[in-house]
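A.B. asks: If you're matching them up, the sequences are chains H and V in order. Count the first sequence with the working numbering and you get residues 3 to 210, in order. Count the second sequence with the working numbering and you get residues 3 to 210, in order. For each residue, glycine too, the CB sits at the ideal point set by N, CA and C. Remember, it's a predicted structure, so these values are computed and weren't measured experimentally.
Protein chains: 2
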Amino acid sequence: MQNELSPRRSQAERTKLSKAKIIKEANRIFGENGFHGTRMSDIAREAGLTGPGLLHHFSCKEDLLIAVLENRDQTDQKRLEELFGNLDSNQTLQTLQTLVEYNQTAPEMVRLFTILVTESIAFDHPGHEFFVERYRNYRGLYIDLMRKYQDEGHIRKDIDVEHISMIMMAMMDGMQIQWLLDPDQVDMAATFKVFLKIFSLGVKETAS
Amino acid sequence: MQNELSPRRSQAERTKLSKAKIIKEANRIFGENGFHGTRMSDIAREAGLTGPGLLHHFSCKEDLLIAVLENRDQTDQKRLEELFGNLDSNQTLQTLQTLVEYNQTAPEMVRLFTILVTESIAFDHPGHEFFVERYRNYRGLYIDLMRKYQDEGHIRKDIDVEHISMIMMAMMDGMQIQWLLDPDQVDMAATFKVFLKIFSLGVKETAS
DNA sequence: GTCTATAGTTCGATAGAC
DNA sequence: GTCTATCGAACTATAGAC
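Structure follows, in structure tokens:
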């Protein structure tokens with residue numbers, strides 16, 4: 003019988019814990035040095051085991067990267083759904099301001115995607131397809147969002163939502179690069195506030 | 003005596019030619035796979051020699067990367083001076099449109115910096131200091147440029163030039179990422195044109 | 001100035017014990 | 001599930017001939 007004071011874990015549960023720990027550390031280390039710049043043994047050590055120990059859970063380096071990316075994407079998806087999920091009660095561009103402010107508190111998360119997306123521009127990079135698809139999806143999502151904002155009068159109507167979406171996403175990605183490279187020189191939230199002010203010009207001012 | 007029909011080159015001249023060829027190929031291959039993803043032997047082969055042959059000209063991989071970055075920076079500097087050098091006769095934001103249009107014809111050049119700048123976010127990356135300094139310089143240059151444009155009435159006056167500059171640069175960098183990743187889905191020049199339209203709104207329309 | 005040969009590492013992955 | 005031991009490949013850099 004299992005004792006409530008000495009909670010034994012099943013093998014499946016222990017596997018789950020190890021995998022989670024590995025992904026957590028891989029997340030950080032891939033984010034610091036990219037795929038090519040990362041050694042499996044470093045991830046293993048930080049996760050508290052050896053190289054072969056790690057490879058018991060993820061059969062090769064590429065599989066681990068994909069697992070990290072998909073895990074990260076799921077986490078982000080949840081966060082975005084919370085933020086934009088109930089669009090009827092979040093109808094202004096101010097929601098995007100919240101997103102930027104959140105990102106500024108999570109450099110590790112931002113760094114992972116910023117470093118890996120450019121590294122994966124190479125056709126043979128293990129993350130290539132993942133990021134091509136990810137950006138295609140996000141462009142679609144942003145276009146829908148901007149169209150809604152525009153229909154509701156928060157964005158001037160003489161500009162294509164396709165261009166607005168691209169500008170918005172590009173601006174965020176570009177700020178992140180400079181912020182990661184030289185954090186003290188960049189205030190993403192403050193700059194984005196100004197950006198929104200320009201965007202909604204001619205319609206009405208956003209809250210400051 | 004030297005014959006005009008069989009132009010012998012001095013040793014110094016041959017060295018210069020080899021170095022130029024190596025830098026040209028290193029430029030391309032570092033740009034495709036980053037520093038960590040690039041093999042010295044690949045660069046050597048593409049430049050028409052062996053590994054040790056290459057290392058006669060550049061004593062190690064890091065030195066070659068620095069040489070590539072500085073060479074690229076010099077080339078860019080010349081181009082920018084041509085574009086912005088005589089500011090009195092180039093007083094509108096339209097000059098930046100020309101820059102974006104040029105970039106869209108030079109994916110190899112854009113890719114080199116896009117891949118290397120994010121890879122070099124890591125403190126111990128050989129290009130780290132180079133890119134930190136490069137962005138500090140460019141932020142300064144763009145601030146001066148935007149202030150001039152603003153003073154001359156091409157940009158609305160109620161926005162800080164620091165923020166305008168950051169938005170402008172970030173937007174360009176971010177577009178380049180998506181363009182390199184999925185070229186058919188992004189038209190940088192068209193998007194930038196819309197961007198300028200928004201920017202100068204309230205002052206006057208830019209030429210279309 | 002470029003080569004062949006190779007040293008010296010590092011790294012991803014496997015074999016097999018416990 | 002994790003370990004020790006180790007293989008085999010890949011890679012940077014050096015030594016020395018031409």
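1) My parser needs the beta strand (DSSP E) runs of 3 or more residues fully inside the region 34-88 of chain H; what are they?
2) Does chain V have any CB closer than 8 angstroms to the CB of H:Thr107?
3) Could you say which of V:Leu95, V:Glu34, V:Tyr144, V:Gly50 lies nearest to V:Gly155 if we only look at CA atoms?
4) Suppose contacts are defined by Cβ-Cβ distances below 8 angstroms. Is H:Leu183 in contact with V:Ile123 by that definition?
5) According to DSSP, is H:Glu154 helix, strand or coil?
6) Residues in its own chain within less than 8 angstroms of V:Arg149 by CB, not counting five upstream and five downstream?
7) Using the beta-carbon of each residue, which ones in chain H are nearer than 8 angstroms to V:Phe133?
8) List the whole-angstrom C-beta distance separating H:Ile117 from V:Glu121, where the pair is believed to meet the contact cut-off of C-beta under 8 angstroms.
9) Please decide whether V:Asp78 counts as near chain H, where near means a Cβ-Cβ distance under 8 angstroms.
10) When the Cβ atoms of the region 47-56 of chain H are set against those of the region 121-140 of chain H, are three or more pairs found closer than 8 angstroms?
11) Find the residues of chain V that neighbour H:Phe32, judging by a C-beta separation of less than 9 angstroms, and give them in chain order.
12) So H:Glu48 and H:Glu34 are in contact, right, with Cβ under 8 angstroms, and what is the actual spacing, rounded?
13) Reducing DSSP to helix, strand and coil, say where H:Pro128 ends up.
14) Which chain H residues are close to V:His38, counting only those with a beta carbon under 7 angstroms from its beta carbon?
15) Thinking just about the alpha-carbon of each residue, which of V:Ile169, V:Gln106, V:His58 is nearest to the one in V:Lys18?
16) Within the region 155-198 of chain H, note down every full alpha helix (DSSP H) run reaching 4 residues or more, in order along the chain.
17) When the Cα atoms are used, what is the spatial distance from V:Leu101 to V:Asp78?
18) List the residues of chain H whose Cβ lies closer than 8 angstroms to the Cβ of V:Met171, in chain order.
19) Taking the C-alpha atoms as reference points, what is the distance between V:Tyr151 and H:Val119?
20) Just the C-alpha distance for H:Ile68 and H:Pro128, rounded to the nearest angstrom, thanks.
21) What do you reckon, is the C-beta of H:Met148 under 7 angstroms from a heavy atom of the ligand COA?
22) Could one say the Cβ of H:Gln104 lies closer than 8 angstroms to chain V's Cβ atoms, at least one of them?
23) Which residue's Cα is closest to the Cα of V:Ser202: V:Ser61, V:Met190, V:Leu82, V:Met170?
24) Hey, how far is the Cα of H:Phe194 from the Cα of V:Met174?
25) Using a Cβ-Cβ cut-off of 8 angstroms, state whether V:Ala124 counts as contacting chain H.
26) Pick out whichever of H:Arg11, H:Gln180, H:Lys199 has its Cα sitting closest to the Cα of H:Gln106.
27) How about H:Phe201: is its C-beta nearer than 8 angstroms to some C-beta of chain V?
28) Look at H:Gly39 and V:His130 and say whether their C-beta atoms are less than 8 angstroms apart.
29) Could you name the residues of the region 130-158 of chain V whose beta carbon sits closer than 9 angstroms to any beta carbon of chain H, in the order they occur along the chain?
30) What distance in whole Å lies between the Cβ atoms of V:Gln178 and V:Val70, which are believed to be in contact at a cut-off of 8 angstroms?
31) At the level of alpha carbons, what is the spacing between V:Ala172 and V:Val196?
C.D. replies: Working from what's here:
1) Listed in chain order, there is nothing to give.
2) No, H:Thr107 does not count as interfacial toward chain V.
3) The option with the nearest alpha carbon to V:Gly155 is V:Leu95.
4) Yes, Cβ-Cβ distance for H:Leu183 and V:Ile123 is below 8 angstroms.
5) Reduced to three states, the DSSP call for H:Glu154 is coil.
6) Here the set comprises Val163.
7) Taking a Cβ-Cβ cut-off of 8 angstroms, the neighbours of V:Phe133 in chain H comprise Leu183, given in sequence order.
8) Right, the Cβ-Cβ distance comes to about 7 angstroms (below 8 angstroms), so this counts as a contact.
9) No, no contact with chain H.
10) No: the two stretches stay apart, fewer than three of their Cβ pairs being nearer than 8 angstroms.
11) Going along chain V, no residue has its Cβ under 9 angstroms from H:Phe32, so there is no contact; the nearest lies around 11 angstroms.
12) The Cβ separation is near 11 angstroms, so there is no contact.
13) Three-state result, H:Pro128: coil.
14) Here the neighbours are Gly36, His38, Gly39.
15) Nearest C-alpha to V:Lys18: V:His58.
16) You should have 163-183.
17) It is roughly 11 angstroms from the alpha-carbon of V:Leu101 to the alpha-carbon of V:Asp78.
18) Simply Gly176, Gln180.
19) So the two alpha carbons sit approximately 34 angstroms from each other.
20) Answer to the nearest angstrom: the Cα atoms are 8 angstroms apart.
21) In the structure shown, the ligand COA is absent, as is every other ligand, since no ligand is present at all.
22) Reading off the sequence, residue 104 of chain H comes out as Tyr, not Gln. No, H:Tyr104 does not count as interfacial toward chain V.
23) Considering only alpha carbons, the answer is V:Met170.
24) Separation of H:Phe194 and V:Met174 (C-alpha to C-alpha, rounded to the nearest whole angstrom) is 15 angstroms.
25) Yes, its Cβ sits closer than 8 angstroms to a Cβ of chain H.
26) Distance check between H:Gln106 and each of H:Arg11, H:Gln180, H:Lys199 places H:Gln180 closest, using alpha-carbon atoms only.
27) Taking Cβ atoms only, chain V reaches closer than 8 angstroms to H:Phe201, which makes this a yes.
28) Going by C-beta atoms, H:Gly39 is not nearer than 8 angstroms to V:His130.
29) Against chain H - using a Cβ distance shorter than 9 angstroms - the residues of the region 130-158 of chain V are His130, Phe133, Val134, Tyr137, Arg138, Arg141, Arg158.
30) Rounded, the Cβ-Cβ distance is 18 angstroms, inconsistent with contact.
31) Using only the alpha carbons, I get a separation of about 16 angstroms.
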